[in-house]
């Protein structure tokens, strides 16, 4: 009887351990190299930041981090790979807002559901957008521009493509400042900057990698930065909020995700490795030299951040009548 009771107890304990084990990785994770698919081309800022943190992440995890570039569809190709991968912690992805579902309300369906198919790990980095003006534009402050743009067909503004966060940032500016700017879509940032320099477009919402050379060279004028705080590379340029549009905040950002169902302990180890790297002063300095700010977060914090961003931009899209 006593032996039978012990056998029953052993079976019960084994079942309980199996149930708990569904939330943990088998063995001592990680036991082999981890693949990080990056949804942007090699040499871009997100790829560069991934490679900056790579050695520290590898040291923390005790395994190789293999970086693979799978650009296309705003990062959705790479994130789609992650969404469909086995949830074992050995394939993770680096994606931006569009790939993680924030601006999909104005884009084609990505073939996966970011809310159901992905497990947020951590933010990686963020960067503000810059409202820049042609030097031929007579207005040199945000208040000047708002005053000129109160009437329709008076002022146009270029952005880098429909469905991008820069597009939605221009929409949000129209809504929050009650302006009537005419939005003009370009294929990327470079032609926006070119037309600003040439005086063919009065205004543009552009990212720092595209804008800084022209701004520093005096070819175009920075009017405002879209973040909540001043941009460290343009400390003399006020934010939108400082110039009469309270609550205005828009940033480009990207982060790390894993397949939904990835064991909690694997998520925790990956998160700890990236956060350690992103808080290293030497790494922070290198990331800021690229024009970005580190964005370390706990998994649940990153999940809330994505949800908050999605709701904000879905509201902008709905108000703009694009759904």
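Numbering (my numbering), first residue to last: 97 to 419. We put the beta carbon where it would ideally sit given N, CA and C, even for glycine.
Helix, strand or coil at residue i according to DSSP, with G and I counted as helix
{"i": "residue 130", "result": "strand"}
{"i": "residue 457", "result": "There is no way to answer for residue 457, as the model of the chain reaches only from 97 to 419."}
{"i": "residue 192", "result": "strand"}
{"i": "residue 165", "result": "strand"}
{"i": "residue 171", "result": "helix"}
{"i": "residue 178", "result": "helix"}
{"i": "residue 138", "result": "coil"}
{"i": "residue 402", "result": "helix"}
{"i": "residue 156", "result": "helix"}
{"i": "residue 242", "result": "helix"}
{"i": "residue 198", "result": "coil"}
{"i": "residue 268", "result": "helix"}
{"i": "residue 395", "result": "helix"}
{"i": "residue 291", "result": "helix"}
{"i": "residue 274", "result": "coil"}
{"i": "residue 206", "result": "coil"}
{"i": "residue 326", "result": "coil"}
Sheet register partners of residue i (DSSP bridge)
{"i": "residue 348", "result": "223"}
{"i": "residue 216", "result": "353"}
{"i": "residue 187", "result": "131"}
{"i": "residue 321", "result": "226, 335"}
{"i": "residue 261", "result": "Beta-bridge pairing links residue 261 to no other residue."}
{"i": "residue 478", "result": "Shown here, the chain extends from 97 to 419; a query on residue 478 therefore has no answer."}
{"i": "residue 296", "result": "Its beta-bridge partners do not exist; DSSP assigns none."}
{"i": "residue 253", "result": "279, 299"}
{"i": "residue 148", "result": "For residue 148, which the question treats as bridged, DSSP gives no partner whatsoever."}
{"i": "residue 316", "result": "230"}
Counted within 10 angstroms of its Cβ, other Cβ atoms place residue i as buried (16 or more) or exposed
{"i": "residue 263", "result": "buried"}
{"i": "residue 377", "result": "exposed"}
{"i": "residue 141", "result": "buried"}
{"i": "residue 381", "result": "exposed"}
{"i": "residue 291", "result": "buried"}
{"i": "residue 74", "result": "Because the chain here runs from 97 to 419, residue 74 falls outside it and cannot be looked at."}
{"i": "residue 303", "result": "buried"}
{"i": "residue 411", "result": "exposed"}
{"i": "residue 325", "result": "exposed"}
{"i": "residue 361", "result": "exposed"}
{"i": "residue 405", "result": "buried"}
{"i": "residue 283", "result": "exposed"}
{"i": "residue 417", "result": "exposed"}
{"i": "residue 342", "result": "exposed"}
{"i": "residue 166", "result": "buried"}
{"i": "residue 249", "result": "exposed"}
{"i": "residue 295", "result": "exposed"}
{"i": "residue 414", "result": "exposed"}
{"i": "residue 339", "result": "buried"}
{"i": "residue 389", "result": "buried"}
{"i": "residue 323", "result": "buried"}
{"i": "residue 331", "result": "exposed"}
Selection from the options that minimises the alpha carbon distance to residue i
{"i": "residue 173", "options": "210, 183, 385", "result": "210"}
{"i": "residue 195", "options": "185, 154, 207, 289", "result": "207"}
{"i": "residue 394", "options": "272, 388, 351", "result": "351"}
{"i": "residue 161", "options": "190, 417, 296, 279", "result": "190"}
{"i": "residue 288", "options": "320, 306, 169, 275", "result": "306"}
{"i": "residue 158", "options": "182, 281, 130", "result": "130"}
{"i": "residue 374", "options": "184, 218, 333, 323", "result": "218"}
{"i": "residue 301", "options": "221, 252, 266", "result": "266"}
{"i": "residue 188", "options": "234, 169, 215, 225", "result": "215"}
{"i": "residue 278", "options": "270, 284, 148", "result": "270"}
{"i": "residue 364", "options": "153, 134, 133", "result": "153"}
{"i": "residue 213", "options": "228, 179, 149, 275", "result": "179"}
{"i": "residue 260", "options": "170, 228, 176", "result": "170"}
{"i": "residue 254", "options": "299, 367, 242", "result": "299"}
In chain order, what are the residue ranges of uninterrupted beta strand (DSSP E) at least 3 long that sit wholly in the stretch 328-391?
Segments of the beta strand (DSSP E) lying fully in the stretch 328-391: 347-355.
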